[in-house]
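Student: Structure below; questions to follow.
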Amino acid sequence: MCRSLFTSFLLLASASAAAVRSNWTAPAGVSTKGAAAAADSSFWLEDIKHQGIAAFNPDPSSYVVFRNVKDYGATGMYTLLLSSTYTPDGSRKGPDSGESSTVTPAIVYFPAGTYVVSAPIIDYYYTQIIGNPNDLPVIKPVSSFTGLGVIDGDEYQSDGNQGWTSTNVFYRQIRNLIIDLTDIPGTTAATGIHWPTGQATSIQNVEIRQSADAGTQHQGIFIENGSGGWLTDVTITGGLYGANIGNQQYTMRNLTISNAVTAISQIWNWGWTYQGLQISNCTTAFSMNAGGTGDQAVGSVNIIDSTISDCSVFVTTAWTTNGSPASGGTLMLENINLSNTPVAVNSTSGTVLEGGTTTIASWGEGHKYTPSGPNTFQGTFSAPTRASGLLASGTSAYYTKSKPQYEASPTSSFVSIRDAGAKGDGSTDDTSAINSALSSAASSGSIVFFDQGTYKVTNTIYIPPGSRIVGETYPVILASGDTFSDKTSPVAVVQVGKSGDSGSVEWSDMIVSTEGSAAGAILIEWNLNADSGSGMWDVHTRIGGFDGSNLQVAQCPTSAAESSNCEAGYMSMHITSDARNAYLENVWLWTADHDLDDNNNTQISVYTGRGLLIEGQNAWLYGTAVEHHSLYQYQFSGAKDIVAGFIQTETPYYQPNPDAKSSPYPTNSTINDPDYSTICAAASGNCDSLGLRVLNSQGITIVGAGLYSFFDSYSTTCSDQDQTTKCQSLIFSVEGDSTSNLYVYSLTTVGTTDMIVTDGTVVASYSDNVDTFGSTLAYFTYNTGS
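In terms of my numbering, the numbers along the sequence shown are unbroken and rise by one, the last being 968.
So, in structure tokens, the structure goes:
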């Protein structure tokens with residue numbers, strides 16, 4: 183039985199909440215006591231009327247989406263979060279089930295107060311754990327606390343394995359909390375957050391306090407595996423480790439760590455991008471020497487726009503010119519401010535780069551292609567001249583903006599989409615109600631709150647300039663009907679601005695999807711000539727693989743031949759040539775490879791055309807991923823001045839059956855689709871979907887990329903590292919006479935023979951750049967004039 187059933191949970195917060203639900207009874211041994219505290223600072227999410235519905239839940243009328251701990255009593259809420267055994271809605275999926283579900287979404291809300299726990303808070307699937315940002319709640323483990331993490335994102339089970347396969351844990355958040363470990367003796371191992379996870383997940387605005395005593399064994403964040411994720415605005419003090427972490431690929435921004443022995447210990451990875459680190463008073467700021475020179479575990483690391491002060495060493499690395507694997511330990515540094523840090527980079531042989539109080543404009547180690555190679559280097563490199571429009575005002579750092587939470591806005595500023603007439607029940611046509619509400623709110627300056635639900639639409643939803651939109655634990659806009667069926671005449675599902683529109687849009691915490699055959703659907707079309715600060719945060723596309731999609735195991739099994747019934751999207755997102763200043767943060771554009779509501783996560787074959795097409799200018803893509811589209815994942819075509827990283831792709835699992843040349847989506851020359859008959863003319867292997875294509879574009883900088891091809895008609899043998907016959911021939915193509923000033927840091931490919939092809943010529947091959955699992959090169963430039 184899950185140890186959470188024996189947890190005591192004492193709420194030292196307001197005890198004036200509503201009575202505990204009458205149909206919940208505390209299990210024996212669980213305390214329900216609470217103590218009063220000062221009144222909470224107001225936060226709209228706590229006060230707004232909650233009427234979200236899980237449209238495809240077996241009992242949507244009684245299922246509770248928003249769960250305020252005060253409404254259940256402290257212990258009651260804790261048990262509701264942790265254990266399906268003791269909840270009125272026992273269908274929620276915990277790690278003991280090993281299953282996923284899209285029909286049991288929940289926000290678990292912590293008002294201001296101090297919550298004392300003696301065992302881990304076990305996270306459930308599709309759950310957002312959110313505190314009050316105006317008065318951060320404190321979760322405080324007792325001195326005798328036992329468990330891996332105060333919040334455990336994937337609890338280990340009795341068989342010694344994690345409950346979920348961490349690479350398949352999606353759609354979850356932790357926001358606005360303080361985790362205080364300081365009552366646990368420093369010599370006792372303790373972890374703030376255990377977070378092995380996958381795409382569409384995030385940690386934001388969290389503080390972790392740890393013992394800084396000599397011999398401390400505390401660690402703030404522990405990640406041992408997973409595939410993707412986003413972390414921002416996190417502060418950690420004390421501990422043996424601020425963050426002790428490993429994952430296939432990840433993006434972290436605005437991570438502040440002080441007074442730790444080692445601020446960041448990189449256990450392993452394929453690729454990782456850090457932006458805006460603030461590390462101070464640590465012995466080692468960043469350790470990436472796991473495995474040593476002969477068996478390096480870290481694939482690649484990018485650190486940009488960061489400040490390191492009062493540390494003995496900035497980076498400890500195991501990289502050498504004759505290390506193993508050949509490309510292991512790749513490191514790229516750009517725009518790093520050091521203060522009173524005597525050693526910038528230390529290796530097995532001693533100091534590699536002196537520190538002090540200085541700025542590291544650029545420095546790296548690994549294999550470089552400029553554009554030919556490989557050339558092994560350790561030292562400075564030519565960094566791109568950053569376009570002024572991409573910079574934060576008055577600085578040399580790239581512009582960033584955290585997801586708006588509207589914490590200063592009163593509840594009266596918000597308009598519920600359900601109050602405005604939309605149903606969100608997955609069957610009613612909500613097109614008119616949504617468009618009317620968005621238009622009215624933009625005119626009045628109101629913020630639109632999409633209550634949890636599935637909002638069926640049969641025509642385009644237009645988001646006008648001036649819009650601010652926030653969802654309740656990923657409500658879905660579901661495109662349905664004949665309007666979206668014609669792949670020769672595609673139609674936008676959601677249109678952000680029209681051609682010629684200018685102004686501001688903020689959009690967060692939602693999903694756009696399709697129902698059944700929708701071969702003409704462009705899920706998101708961004709036309710807006712936007713003001714700086716406009717963007718999408720935690721907005722995702724999900725095509726197939728969920729209840730209500732009619733694109734599941736029953737309709738689209740892998741055993742069936744390709745069918746028009748499973749052609750479900752023309753393009754996931756299009757940033758058009760009209761667009762300026764689009765900002766994307768933690769955005770996952772996913773064609774489902776498996777059924778999230780099948781107990782076995784059974785694979786499916788859903789066919790979509792294109793991933794993300796970018797034709798606009800001045801854009802930021804932070805922590806984005808695009809997967810399983812038949813023609814390409816990312817295409818920059820006529821684009822200018824873009825910074826992106828970490829970006830991640832996967833080739834469709836069904837390819838090459840059919841391959842990219844035989845895609846069910848015909849090539850459209852008006853949007854410069856790849857001509858695979860030409861691109862693959864000299865290829866000796868499979869001609870599958872490109873992960874990344876750069877065509878006639880200028881000023882593209884990619885700070886970390888993972889382009890993966892794991893399957894050949896659902897077989898993974900081709901992606902084994904020792905296989906010489908790979909899953910596909912090429913995955914990254916650079917084309918066009920006008921392509922210039924292209925910079926790529928830390929490119930990792932898996933399952934592809936050729937890593938980079940420029941105008942049909944192979945530039946980089948996997949065998950020259952073998953890394954921990956795939957192949958990695960540190961630095962690639964094209965037509966930079968240097």
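Idealized CB from N, CA, C, for every residue including glycine.
Any contact of the stretch 350-361 with the stretch 373-384, i.e. 3+ C-beta pairs under 8 Å?
Tutor: They touch, by the three-pair rule.
Student: Does W802 come out as helix, strand or coil in the three-state DSSP assignment?
Tutor: Note: W802 maps to strand in three-state DSSP.
Student: Kindly confirm or deny that the stretch 901-910 and the stretch 539-557 touch, where touching means at least three C-beta pairs closer than 8 Å.
Tutor: The answer is no - the stretch 539-557 does not touch the stretch 901-910, with fewer than three Cβ pairs under 8 Å.
Student: In whole angstroms, what separates the C-alpha of F225 from that of W454?
Tutor: C-alpha separation (whole angstroms): 34 Å.
Student: Is V251 helix, strand or coil by DSSP?
Tutor: Reduced to three states, the DSSP call for V251 is helix.
Student: Indicate whether the contact test is met: 3 or more Cβ pairs, each with one atom in the stretch 594-606 and one in the stretch 473-481, closer than 8 Å.
Tutor: The answer is no - the stretch 473-481 does not touch the stretch 594-606, with fewer than three Cβ pairs under 8 Å.
Student: Smallest Cα separation from G548: which of N951, N965, G967 and T966?
Tutor: Ranking the options by Cα distance to G548, first place goes to N951.
Student: Do A372 and F327 have their C-beta atoms within less than 8 Å of each other?
Tutor: It is a contact, given that the beta carbons lie within the stated cut-off.
Student: Using C-beta distances below 8 Å, list every residue in its chain close to Q448, excluding the 5 sequence neighbours before and after it, in chain order.
Tutor: Cβ within range, chain order: I427, G428, W454, F468, S469, M470, A472, V480 and V483.
Student: From what residue to what residue does the beta strand (DSSP E) around E749 run?
Tutor: That run of the beta strand (DSSP E) goes E749 to I757.
Student: Along the chain, where does the beta strand (DSSP E) containing W689 start, and where does it finish?
Tutor: Residues V687 to T696.
Student: Helix, strand or coil, according to DSSP, for L620 in the structure here?
Tutor: Note: L620 maps to helix in three-state DSSP.
Student: State the beta-bridge partners of L889 as determined by DSSP.
Tutor: In DSSP, L889 forms a bridge with T831 and T931.
Student: I'd like the list of long-range same chain contacts for E589, defined as Cβ closer than 7 Å, with 5 residues on each side in sequence excluded.
Tutor: Here the set comprises F225, P315 and N316.
Student: When burial is assigned at 16 or more other CB atoms within 10 Å of the CB, is N763 buried or exposed?
Tutor: N763 is buried by the Cβ-count criterion.
Student: Can you tell which of T723, A674 and D362 has its C-alpha closest to the C-alpha of A394?
Tutor: Measuring from the Cα of A394, the nearest candidate turns out to be D362.
Student: According to the Cβ coordinates, are Y291 and E228 closer than 8 Å?
Tutor: In contact: Y291 and E228 (Cβ atoms closer than 8 Å).
Student: Just grab the DSSP bridge partners of S462 for me.
Tutor: Paired residue(s): S440 and S491.
Student: When we look at the beta-carbon of K669 and count the other beta-carbons within 10 Å, is it buried (16 or more) or exposed?
Tutor: The residue is buried, with at least 16 neighbouring Cβ atoms inside 10 Å.
Student: Who does W454 pair with in a DSSP beta bridge?
Tutor: DSSP lists Y432 and V483 as partners of W454.
Student: Just verifying my parser: in three-state terms, what is the DSSP assignment at S520?
Tutor: Correcting the residue type first, residue 520 is Leu in the shown sequence and not Ser. Here L520 sits in strand by DSSP.
Student: How about G726 and T773: do their beta carbons lie closer than 8 Å?
Tutor: Yes.
Student: Per DSSP, what kind of secondary structure is G313 in: helix, strand or coil?
Tutor: The answer is strand: DSSP assigns G313 an E or B state.
Student: I need the DSSP call for N350, collapsed to helix, strand or coil.
Tutor: The answer is helix: DSSP assigns N350 an H, G or I state.
Student: Evaluate G576 with the Cβ neighbour count: other Cβ atoms within 10 Å of its Cβ, from every protein chain shown; 16 or more gives buried, anything less gives exposed.
Tutor: The residue is exposed, with fewer than 16 neighbouring Cβ atoms inside 10 Å.
Student: Throw me the rounded Cβ distance for the V825 and L771 pair, which I believe falls under 8 Å.
Tutor: So it is not a contact: roughly 18 Å between Cβ atoms.
Student: Taking C-alpha atoms, which residue in F631, N522 and Y456 lies nearest to H232?
Tutor: The shortest Cα separation from H232 among F631, N522 and Y456 belongs to F631.
Student: According to DSSP, is S1056 helix, strand or coil?
Tutor: In the structure as shown, the chain begins at 183 and stops at 968. Residue 1056 is therefore absent and cannot be evaluated.
Student: Counting Cβ pairs, one atom from each stretch, are 3 or more of them under 8 Å apart for the stretch 908-921 and the stretch 931-950?
Tutor: With a cut-off of 8 Å, the stretch 931-950 and the stretch 908-921 count as touching, because enough Cβ pairs lie within range.
Student: Counting Cβ pairs, one atom from each stretch, are 3 or more of them under 8 Å apart for the stretch 679-698 and the stretch 643-658?
Tutor: Segments in contact, yes.
Student: If you drop the 5 nearest sequence neighbours on each side, which residues of the same chain put their C-beta closer than 6 Å to that of D334?
Tutor: Cβ neighbours of D334 beyond the five flanking positions: P302, I304 and H376.
Student: Check whether the stretch 886-901 and the stretch 847-864 touch, using three or more Cβ-Cβ pairs below 8 Å as the test.
Tutor: No, the stretch 886-901 does not touch the stretch 847-864.
Student: Around the C-beta of A736, are 16 or more other C-beta atoms found within 10 angstroms, so that it is buried, or is it exposed?
Tutor: The residue in question, A736, is exposed, as its Cβ has fewer than 16 Cβ neighbours within 10 Å.
Student: Can you tell me whether A615 is helix, strand or coil according to DSSP?
Tutor: In the structure shown, A615 sits in a helix (DSSP, three-state: H, G or I).
Student: Taking the straight line between their C-alpha atoms, what separation do you get for S244 and V876?
Tutor: Approximately 50 Å between the Cα atoms of the pair.
Student: Assuming N528 and T498 are in contact, meaning their beta carbons sit under 8 Å apart, how far apart are those beta carbons, in whole angstroms?
Tutor: Indeed they touch by this definition, with Cβ atoms about 5 Å apart.
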